[in-house]
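Here the sequence shown is numbered in my numbering, starting from 87 and rising by one per residue. All residues carry an ideal CB built from backbone N, CA and C; glycine is no exception. Values in this document were obtained by computation on a predicted structure and should not be read as measured data. Report on the structure given below.
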Amino acid sequence: MMVTGIITAAGLGTRSGLDGKFRKELLPIYDKIDNRLVLRPVIDVVYRRLREYGCEKIIIVLDPADRMSRLYVESNFENFEIVFQEEKRGFGNAVYIASQAAGSSDFVLNAGDGVISTSSYYEKICKSKSTNLNVFRVDHPEKYGNAVLDEVNKTVVEVVEKPQHPKSNFAIAALYFFKNDFVHFLDQHTIELTDSINNYIKAGNRVSYNIIDRSEWISIGRKEEYFKVLERSFINNNTEKS
């Protein structure tokens with residue numbers, strides 16, 4: 087079955103110190119193209135990963151007021167469709183909007199401001215057999231979406247968005263694989279994606295997980311940490327073996 091890629095890029099990026107005109111998905115990170123080290127916008131890196139490893143079609147969620155991102159996408163990408171999040175109603179709502187364009191296909195969801203450094207890892211994600219999350223260990227799980235795992239059965243038991251009292255130290259990377267039946271747990275009122283994932287689990291559906299190294303997930307967040315993002319992407323691209 088065809089796998090569709092979904093990239094969400096409709097946020098304002100205020101935590102990144104931007105003015106809302108230039109979005110954080112356009113900030114550059116280091117990557118390799120034809121074995122050459124380059125600087126590319128993070129959304130470009132995400133798009134190339136998804137296209138290279140199995141997503142025939144890419145759906146990109148943008149803010150209709152975001153002219154810069156739209157111009158970049160339309161000038162540089164192929165086999166994509168842009169959909170708009172007209173109102174700021176959360177990550178879950180952006181995913182719902184994109185899922186309506188995905189049709190009956192399974193889909194890989196990747197936030198436009200984060201990427202797994204090892205490019206070949208995306209091949210594994212695109213070939214997942216069940217809905218799948220990627221998680222990594224953190225010291226302060228209350229700052230992240232949190233995943234509670236059943237490590238015996240290799241399944242996700244529960245997910246919580248920035249819990250006050252975390253039940254585990256596993257944070258969720260904004261890279262997911264969803265089977266096509268997951269769309270039945272999304273609707274126009276969805277705000278937090280974690281609510282839909284929990285309802286999917288409660289309905290008896292299997293959600294598996296992969297544990298990745300913290301350094302593998304490169305995400306643009308607070309402006310004070312952007313230099314660390316550049317440093318990590320530079321180091322990872324000079325040590326990646328595959």
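{"Query": "Beta-carbon proximity of I115 to V89, cut-off 9 Å", "Result": "no"}
{"Query": "K265 classed as buried or exposed, judged by whether at least 16 other C-beta atoms fall within 10 angstroms", "Result": "buried"}
{"Query": "Y207 (DSSP reduced to helix, strand or coil)", "Result": "helix"}
{"Query": "Alpha helix (DSSP H) segment containing F177, residue limits", "Result": "F177 to A188"}
{"Query": "Three-way DSSP call (helix, strand, coil) for L112 in this model", "Result": "helix"}
{"Query": "A180 and Q186 closer than 9 Å at C-beta", "Result": "no"}
{"Query": "Residue environment, I304, which counts as buried when at least 16 other CB atoms sit within 10 Å", "Result": "buried"}
{"Query": "Neighbourhood of C212 by C-beta, 7 Å cutoff - its chain only, sequence neighbours within 5 removed", "Result": "V89, Y139, G140, C141 and V194"}
{"Query": "Cross-strand partners of R223 (DSSP beta bridge)", "Result": "F256"}
{"Query": "Straight-line gap, N322 to K314 (C-alpha atoms, nearest Å)", "Result": "12 Å"}
{"Query": "Limits of the unbroken beta strand (DSSP E) element including L125", "Result": "R122 to P127"}
{"Query": "DSSP bridge partner residues for S161 (one or two, in chain order)", "Result": "DSSP lists no partner for S161."}
{"Query": "Secondary structure of T90, DSSP reduced to three states", "Result": "strand"}
{"Query": "Contact set for A260: own chain, Cβ-Cβ below 6 Å, skip 5 residues either direction", "Result": "A197 and G200"}
{"Query": "Separation of I129 from A370, as counted between CA atoms", "Result": "Nothing can be reported for residue 370: it is not among the residues displayed for the chain, which extend from 87 to 328."}
{"Query": "Given K229 as reference, the closest of I92, G91 and V246 once Cα atoms are compared", "Result": "V246"}
{"Query": "Beta bridge counterpart(s) of N284 as assigned by DSSP", "Result": "Answer is none; N284 lacks a bridge partner."}
{"Query": "Own chain partners of S328 with C-beta closer than 6 Å, once the 5 adjacent residues on each side are dropped", "Result": "Its pLDDT being 45, under 50, S328 is placed unreliably by the model, and the measurement read from it follows with that caveat. Excluding sequence neighbours, S328 sits near S206."}
{"Query": "I104 - DSSP class collapsed to helix/strand/coil", "Result": "As written in the sequence, residue 104 is Leu, which differs from the Ile given in the question. It is coil, neither helix nor strand."}
{"Query": "Reference K307; option with closest CA among T94, I183 and G99", "Result": "In the sequence as presented, Lys is not what sits at residue 307; that position holds Gly. Here the closest residue by C-alpha is G99."}
{"Query": "Cβ distance (whole Å) where I144 is taken to contact L136 below 8 Å", "Result": "6 Å"}
{"Query": "Residues near L104 by beta carbon distance below 7 Å, same chain, minus five either side", "Result": "K110"}
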